[in-house]
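Going line by line, the protein sequences match chains A and B. Note that the working numbering has the first sequence beginning at 742, numbered continuously upward. Note that the working numbering has the second sequence beginning at 742, numbered continuously upward. The structure appears below as structure tokens.
2 protein chains.
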Amino acid sequence: MKLSTKGRYGVRALLDLALHQDEGLVPLKDIARRQEVSLPYLEHLITPLVAAGLVKSTRGARGGVSLVKPPSEIKLSEAVQLLEGSIAPVDCVNDPKLCHRSAYCVTRDIWSEMKNAMSQVLDSTTIQDLVERQRQKGQPETEMYHI
Amino acid sequence: MKLSTKGRYGVRALLDLALHQDEGLVPLKDIARRQEVSLPYLEHLITPLVAAGLVKSTRGARGGVSLVKPPSEIKLSEAVQLLEGSIAPVDCVNDPKLCHRSAYCVTRDIWSEMKNAMSQVLDSTTIQDLVERQRQKGQPETEMYHI
DNA sequence: TACTAAGTTGATTCTTTTTGTCAACATTAG
DNA sequence: CTAATGTTGACAAAAAGAATCAACTTAGTA
Chain A
742 MKLSTKGRYG VRALLDLALH QDEGLVPLKD IARRQEVSLP YLEHLITPLV
792 AAGLVKSTRG ARGGVSLVKP PSEIKLSEAV QLLEGSIAPV DCVNDPKLCH
842 RSAYCVTRDI WSEMKNAMSQ VLDSTTIQDL VERQRQKGQP ETEMYHI
Chain B
742 MKLSTKGRYG VRALLDLALH QDEGLVPLKD IARRQEVSLP YLEHLITPLV
792 AAGLVKSTRG ARGGVSLVKP PSEIKLSEAV QLLEGSIAPV DCVNDPKLCH
842 RSAYCVTRDI WSEMKNAMSQ VLDSTTIQDL VERQRQKGQP ETEMYHI
């Protein structure tokens, strides 16, 4: 039941982007540095978010990425879905036809309940919520880390 | 966020075992056949359950496995923990020291909430609950599948 | 116009995890 | 004694995860 780095880094990238929105276009390089992720990898992480229209990218000098919607309208469920695919613990929860036992399988019902429990958390949290929590905690990113 | 076959097959094996408790010791071979899992693989799945004292095994002819506790006292959280390890979406939820960002990381808080949501489902469901659901659904296993 | 700083895309690679299999062994009933 | 079972550890094939690299496109700017 582990989240991959796609989901973890991807959500952090969105949060980082939201925190720096006011500075205009944010270069991936900056996000990569602050979030301690390699730039080539971040480029791949951001791809599905751009494809889905959650993030807009601008090429060229002074380019970068920006959020298309306000952070308050970006649910974590949406982001995680794009980054990781379905959070269902087992695929048969989404598509019963994948397993011929589905109709009589009671464990499948439990995995479905787990999915719902997770969805409830992710549906009720937005990037804006993360922004506010971050501002309360302070130290929004690693910027003050100069070794 | 996928459950591995260990968790899925393992919980099904426990349910199968609970459904056939009254027949005395249940050979792994029978569980493997009904649950459509290879016997050598099932042997490995059952190992942590035996080691934890959840399941008792008896070698030799007419041997097999049996539940140590009544099904009503076996929480799914306990079973899944043994089969899969922690359900925390990220390891830093269990051990903040794993990541130097933990203290200021708000995404970690969200993953922690997800873990709690999942735990709530698994803590409140026992193998006995599965047994009862299965009896209501009928067709407890594949026994009536003769092609 | 050239140059440079970006994002895009696809191929490739390395590592780890998953999902098993196999063989040798230990134990017990009959 | 023998057959049926569980135990253990080594091994391996396949898949997924986690990147890296190179070639390309685009856009600002000197």
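Glycine residues also receive a C-beta, built at the ideal position from the N, C-alpha and C atoms.
Three-state class that DSSP yields for residue i in the structure shown
i	result
Ile-815 (chain A)	coil
Val-806 (chain A)	strand
Ile-888 (chain B)	With a pLDDT of 29 at Ile-888 (chain B), under the threshold of 50, the modelled position of this residue cannot be trusted; read the value that follows with caution. Here Ile-888 (chain B) sits in coil by DSSP.
Thr-883 (chain A)	Confidence at Thr-883 (chain A) is low in this model, with a pLDDT of 49, below 50, so the placement of that residue should be treated as unreliable; the coordinate-derived value is given next. Helix.
Gln-875 (chain B)	helix
Lys-743 (chain B)	coil
Ser-798 (chain A)	strand
Val-821 (chain B)	helix
Val-791 (chain B)	helix
Gly-748 (chain A)	helix
Identity of the residue in the options nearest residue i by Cα
i	options	result
Gln-880 (chain B)	A:Cys-840, A:Gly-794, A:Tyr-845, A:Pro-837	A:Tyr-845
Ser-853 (chain B)	B:Ile-868, B:Ser-865, B:Pro-837	B:Pro-837
Ser-745 (chain A)	B:Cys-833, B:Val-791, B:Pro-768	B:Cys-833
Thr-867 (chain A)	A:Leu-839, A:His-785, A:Leu-795	A:Leu-795
Gln-718 (chain B)	B:His-761, B:Val-847, B:Asp-771	Any answer about residue 718 (chain B) is impossible in this case: the structure gives chain B only from 742 up to 888.
Glu-873 (chain A)	B:Asn-835, B:Asp-864, B:Val-847, B:Ser-798	B:Val-847
Val-862 (chain A)	B:Lys-797, B:Ser-865, B:His-785, B:Lys-856	B:Lys-856
Val-821 (chain A)	A:Asp-771, A:Ala-858, A:Asp-864	A:Asp-864
Ile-851 (chain B)	A:Leu-871, A:Glu-784, A:Ile-851	A:Leu-871
Short Cβ contact (8 angstroms threshold) for residue i with residue j
i	j	result
Gln-776 (chain B)	Ala-754 (chain B)	yes
Leu-756 (chain B)	Gln-877 (chain B)	no
Ile-787 (chain B)	Val-806 (chain B)	yes
Pro-768 (chain B)	Gly-801 (chain B)	no
Glu-819 (chain B)	Lys-747 (chain B)	no
Val-831 (chain B)	Arg-842 (chain B)	no
Pro-812 (chain A)	Ala-773 (chain A)	no
Leu-823 (chain B)	Pro-789 (chain B)	yes
Leu-839 (chain A)	Thr-799 (chain A)	no
Met-859 (chain A)	Ala-858 (chain B)	yes
Any non-hydrogen atom of the ligand PLP within 7 angstroms of residue i CB
i	result
Tyr-782 (chain B)	Here there are no bound small molecules, and the ligand PLP is not part of this structure.
Residue span of the alpha helix (DSSP H) that contains residue i, given as start and end
i	result
Ser-853 (chain B)	847-864
Gln-776 (chain A)	769-776
Whole-number beta carbon distance between residue j and residue i, since they are thought to touch under 8 angstroms
i	j	result
Val-752 (chain A)	Leu-808 (chain A)	At roughly 13 angstroms, the Cβ-Cβ gap does not stay under 8 angstroms, so Val-752 (chain A) and Leu-808 (chain A) are not in contact.
Tyr-750 (chain B)	Val-791 (chain B)	Tyr-750 (chain B) to Val-791 (chain B), Cβ: 15 angstroms. No contact.
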